[in-house]
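Notes for the one structure printed next.
Protein chains in written order, with this note's numbering: chain Y, 24 to 421; chain F, 152 to 523; chain U, 32 to 291.
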């Protein structure tokens with residue numbers, strides 16, 4: 024870079040003068056005043072806190088995490104017994120939260136998309152029904168809906184002895200849904216890994232196929248090949264491991280089922296409540312996304328000779344997704360935060376477990392801090408994903 | 152009817168029954184093509200069955216009253232007929248909680264005042280400084296009526312309050328107090344002063360990242376620890392503080408959206424005329440920004456209204472918790488959860504649906520105004 | 032023209048000093064040098080027209096005069112007050128300098144009358160009645176007194192720009208800056224705005240106008256300035272400027288805009 028003559032170079036900023044009519048000094052004064060006020064408030068609260076904790080003899084610090092928990096958790100994705108530590112209990116809680124959130128998000132998206140498209144249907148009955156669903160569920164608090172589902176589900180499930188047996192290995196009763204799962208087998212992680220490899224291979228394949236199309240004009244059936252990979256690789260691994268067919272089947276012993284995985288009715292309640300509630304909001308988002316793409320776009324694409332399928336995939340959907348994805352991600356966040364209502368129905372998510380913990384140890388601050396930290400971590404990651412997505416698809420404008 | 156019209160009307164049998172226009176509409180919207188017809192018929196059949204089942208449960212076979220607490224009649228009909236006797240016996244508890252029976256006219260008037268204030272604020276012809284006075288007087292009257300202690304009304308402490316007034320109080324005072332808070336947070340977030348901007352961003356993102364449940368916990372369990380020994384605040388006030396802090400963060404984001412929509416030229420014109428930052432913000436920027444975001448503001452309020460149902464977690468008897476209490480405490484009324492929750496759902500739905508219809512109406516108005 | 036107290040005739044500069052002085056003004060956007068050693072003097076009552084290709088820095092220059100943009104080097108003096116970061120000076124200068132924008136920037140939520148009285152009431156602390164009288168006077172001057180209770184959205188572009196001019200005049204500025212005032216108007220409305228500006232000029236207002244309307248320049252300007260790439264290339268009386276442009280860049284520019 025050629026050196027710029029002194030007369031051309033931008034000079035350094037002028038020095039600040041100590042007067043309220045100097046903008047820099049004024050802004051410093053404002054900030055000092057505000058930070059000072061907030062700071063003194065915080066200092067006041069914290070000193071009260073220390074005094075109160077002294078008087079009430081409340082312990083502080085996270086040492087309690089290594090102590091024995093002493094309470095049972097009815098649904099767990101990893102092994103846990105009341106003799107395990109609080110930390111392990113909290114991890115079980117986090118896993119439960121993630122479980123209900125992930126499944127809820129998937130189901131709500133499917134249901135919500137169908138409802139959103141249904142509202143735009145030409146069939147008047149279908150459109151009205153979908154509208155009725157959305158307008159009803161959006162205007163009733165989730166807590167009310169959860170209590171409702173809880174009563175309905177609890178009242179209508181049979182006792183353990185008369186459990187419903189719709190499919191081999193599935194038992195539905197008041198204790199929940201007991202499902203058979205593949206037994207513990209050293210091959211299992213390999214099978215999962217094979218699936219992950221299949222997904223990665225599909226992504227790489229689609230990139231290669233796009234480049235090939237750009238160079239030679241020839242399309243490649245990425246979708247079919249990719250799907251085949253994601254199914255075939257795990258199956259091959261399973262065969263290679265000797266095709267293990269052992270299942271951990273739940274059996275009725277005494278008053279409950281043992282073996283397999285048990286999804287308690289509280290889980291089903293929370294899942295149904297979250298799904299149906301969030302689907303109503305997602306329906307609105309999908310509907311406005313589809314409406315946002317002006318009909319002129321479809322007309323122009325068809326006029327160019329693009330068939331309907333490609334028009335949808337290349338012209339309408341990308342533009343609709345731009346409008347749909349940000350609020351959709353907000354709804355996913357809401358669903359995750361709403362899973363904290365598990366407390367109302369007794370599902371052991373992170374809030375319930377942390378609540379029990381803080382009641383037992385008396386360390387309210389640490390307990391609440393853990394809850395907030397977990398949710399903040401989830402929220403910030405989801406927001407990060409949304410910001411990345413927004414930047415990636417932003418329309419380049421002048 | 153002329154011959155031509157008569158013959159046109161009779162061209163389709165349906166047209167003969169409904170008139171040509173309606174027949175065309177039915178054709179296009181319900182029976183156009185095989186798939187559509189099939190779907191219509193299937194749905195109509197299922198819908199009819201479901202409606203029949205619901206209506207017979209809710210109306211025909213329902214039990215509307217029982218003598219005293221003898222609910223055996225209801226239990227015998229469980230699953231066949233609704234036990235609305237639960238409502239007719241307990242509606243005063245559901246609406247007003249444990250507020251003393253003879254004094255329940257006071258919360259009843261409070262609910263009416265709320266309805267009046269909401270209704271008046273919705274109609275644009277009432278938008279003037281007089282509305283502001285009405286709100287101040289109304290809110291003060293609500294406080295006086297609920298607490299009492301003056302004008303010969305006995306003092307009723309907040310732990311006896313319950314039901315619908317609690318829901319309305321938490322939502323309304325929450326929104327009203329959080330609103331200026333939220334405006335300042337939004338202005339602070341857009342400010343050039345890094346310290347102020349950071350404080351606002353941290354507050355907003357922190358509160359928006361955590362569920363309301365955790366804020367309620369924080370308020371009910373932690374707040375007493377942060378205050379000096381001799382200062383105790385009652386549970387309702389703690390819940391109110393949590394609602395206010397929560398709402399302020401969400402309102403701030405809504406207002407910020409409005410501020411971002413104001414074109415830069417407005418700021419420049421205000422500066423060029425010599426207006427200071429606060430003058431420009433108060434007279435030029437905020438009036439325009441707030442007007443634009445009325446629909447999302449109303450939606451945020453609807454969400455707050457629904458969120459008040461969570462205070463049952465900290466044992467405050469709002470509308471939902473009062474309903475839960477009726478079926479959980481008295482053995483006679485155990486097991487009639489569906490009736491209780493349907494009733495409460497209806498009340499919430501009426502409030503929220505009206506507010507959402509209003510917000511859609513304002514949005515349509517704004518869109519029409521911009522097209523001019 | 033009656034010399035009423037409400038006329039826009041500015042006071043003569045004390046001891047004949049210039050109204051606006053720009054000395055060695057330089058401005059950078061980041062590292063991009065957008066104003067290069069700009070020197071300009073505007074005497075009281077002078078009308079300056081500034082023209083040039085887009086990106087030449089002409090709007091930036093006049094926006095520096097009322098501190099809508101900041102200059103990093105050089106000196107700007109308006110009516111004896113130096114324009115620095117000092118907020119008091121900025122406030123003083125903004126009261127004496129009126130600005131008319133390309134996109135009008137009227138306040139859409141206030142009536143025309145409220146648009147005009149807002150700044151006098153809150154900045155000059157004028158009583159409301161007096162502010163309204165002044166406002167009506169200037170609305171008559173720009174020939175739309177009947178629009179006083181309308182909202183800007185109900186007016187045509189030409190009417191809105193005339194309201195914008197009246198709004199600035201209500202503050203009784205000593206200088207009026209115009210940033211491409213007719214560029215956003217439909218052609219049939221350009222004349223009504225230019226007429227108002229010509230009248231203002233004839234009454235003796237000091238004006239700096241960035242515009243492409245060369246007819247206006249010929250009729251009213253004392254000096255026409257051509258700017259390109261951040262510098263003042265040429266500056267001359269209008270007849271000389273159009274008849275005998277000295278620089279090649281000026282000739283090129285004039286051929287482009289006068290060609291059609």
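Glycine residues also receive a C-beta, built at the ideal position from the N, C-alpha and C atoms.
Ignore the nearest five residues each way along the sequence and tell me which others in residue 365 of chain Y's own chain have a CB closer than 7 Å to its CB. 293, 372, 374, 375
Between the C-alpha atoms of residue 283 of chain U and residue 150 of chain U, what's the straight-line distance to the nearest angstrom? 43 Å
Show which residues of chain F have a CB atom less than 7 Å away from the CB atom of residue 97 of chain U. Contact note: residue 97 of chain U reaches chain F through 423, using a C-beta cutoff of 7 Å and chain order.
With the cut-off set at 8 Å, would you say residue 7 of chain U and residue 137 of chain U are in Cβ contact? Since the first and last residues shown for chain U are 32 and 291, residue 7 of chain U lies out of range.
Cβ pair residue 265 of chain U, residue 278 of chain U closer than 8 Å: yes
Under 7 Å from the C-beta of residue 33 of chain Y: neighbouring residues of chain U: Chain U residues near residue 33 of chain Y: 59, 62, 103.
Specify whether the segment 333-345 of chain F and the segment 43-58 of chain Y touch according to this definition: at least 3 beta carbon pairs, one from each stretch, less than 8 Å apart. yes
Grouping DSSP H, G and I as helix and E and B as strand, with all else coil, what is residue 187 of chain Y? strand
Applying the criterion that 16 or more other CB atoms from any shown protein chain within 10 Å of the CB defines a buried residue, is residue 55 of chain Y buried or exposed? Flag for residue 55 of chain Y reads exposed.
Which partner residues does residue 205 of chain Y have in the DSSP bridge list? The beta-bridge partner set that DSSP reports for residue 205 of chain Y consists of Y:270.
Take residue 421 of chain Y and list the residues in its own chain whose beta-carbon comes closer than 7 Å to its own, dropping the five residues that flank it on each side. Only weak support exists for where residue 421 of chain Y lies, its pLDDT of 39 falling under 50; the value from the coordinates is given anyway. Once the five neighbours on either side are set aside, residue 421 of chain Y has no close Cβ partner at all.
Just the Cα atoms here: how many angstroms apart are residue 99 of chain Y and residue 118 of chain Y? 8 Å
Could you tell me which residues DSSP pairs with residue 234 of chain F in its beta bridges? Its beta-bridge partners are F:214.
Scan the segment 422-451 of chain F for residues whose Cβ lies nearer than 9 Å to a Cβ of chain U and list them as they occur along the chain. 422, 423, 424, 425, 426, 427, 430, 434, 435, 438, 439, 442
Decide if residue 231 of chain Y is buried, meaning its Cβ has at least 16 other Cβ atoms within 10 Å, or exposed. exposed
Checking the sheet assignment: what are the DSSP bridge partners for residue 66 of chain U? U:58
Determine the direct distance from the alpha carbon of residue 221 of chain Y to that of residue 251 of chain Y, and round the result to whole angstroms. 9 Å
Under 8 Å by Cβ, that's how I've got residue 272 of chain Y and residue 192 of chain Y pegged, so tell me the actual separation to the nearest angstrom. 5 Å
Output the boundary residues of the beta strand (DSSP E) element that contains residue 264 of chain U. 262-267
Within the 8 Å Cβ cut-off, does residue 395 of chain Y reach chain F? yes
Beta-carbon of residue 406 of chain Y versus every beta-carbon of chain U: anything under 8 Å? Closer than 8 Å: no.
Going residue by residue through the segment 196-270 of chain Y, where are the continuous alpha helix (DSSP H) segments of at least 4 residues, counting only ones entirely within it? 210-239, 245-263
State the DSSP-derived secondary structure class of residue 79 of chain U, mapped to helix, strand or coil. strand
When you compare the CB positions of residue 186 of chain Y and residue 283 of chain Y, do they come within less than 8 Å of one another, or not? no
With distances taken Cα to Cα, identify the nearest neighbour of residue 171 of chain Y among Y:277, Y:291, Y:395, Y:387. Y:291
Could you check where the beta strand (DSSP E) with residue 6 of chain Y kicks off and where it finishes? Nothing can be reported for residue 6 of chain Y, as the shown portion of chain Y is limited to 24 through 421.
If you measure between the beta carbons of residue 315 of chain F and residue 262 of chain F, is that distance less than 8 Å? yes
Given residue 69 of chain Y as reference, the closest of F:224, F:513, F:378 once Cα atoms are compared: F:378
Mind checking residue 274 of chain Y: buried by the 16 CB within 10 Å criterion, or exposed? exposed
Whole-number beta carbon distance between residue 104 of chain U and residue 55 of chain U, since they are thought to touch under 8 Å: 7 Å
Quick one: which residues of the segment 476-510 of chain F get their C-beta closer than 7 Å to a C-beta of chain Y? List them in chain order. 488, 489, 492, 495, 496, 499, 500, 503, 504, 507
Check whether the segment 482-490 of chain F and the segment 216-226 of chain F touch, using three or more Cβ-Cβ pairs below 8 Å as the test. yes
Note the first and the last residue of the continuous alpha helix (DSSP H) segment covering residue 170 of chain Y. Taken as a continuous stretch (DSSP letters only), the alpha helix (DSSP H) holding residue 170 of chain Y covers 165-179.
What is the rounded straight-line gap between the Cα of residue 402 of chain Y and the Cα of residue 253 of chain Y? 30 Å
Is the beta carbon of residue 179 of chain U less than 8 Å from the beta carbon of residue 224 of chain U? no
With DSSP collapsed to three states, give me the class of residue 217 of chain U. coil
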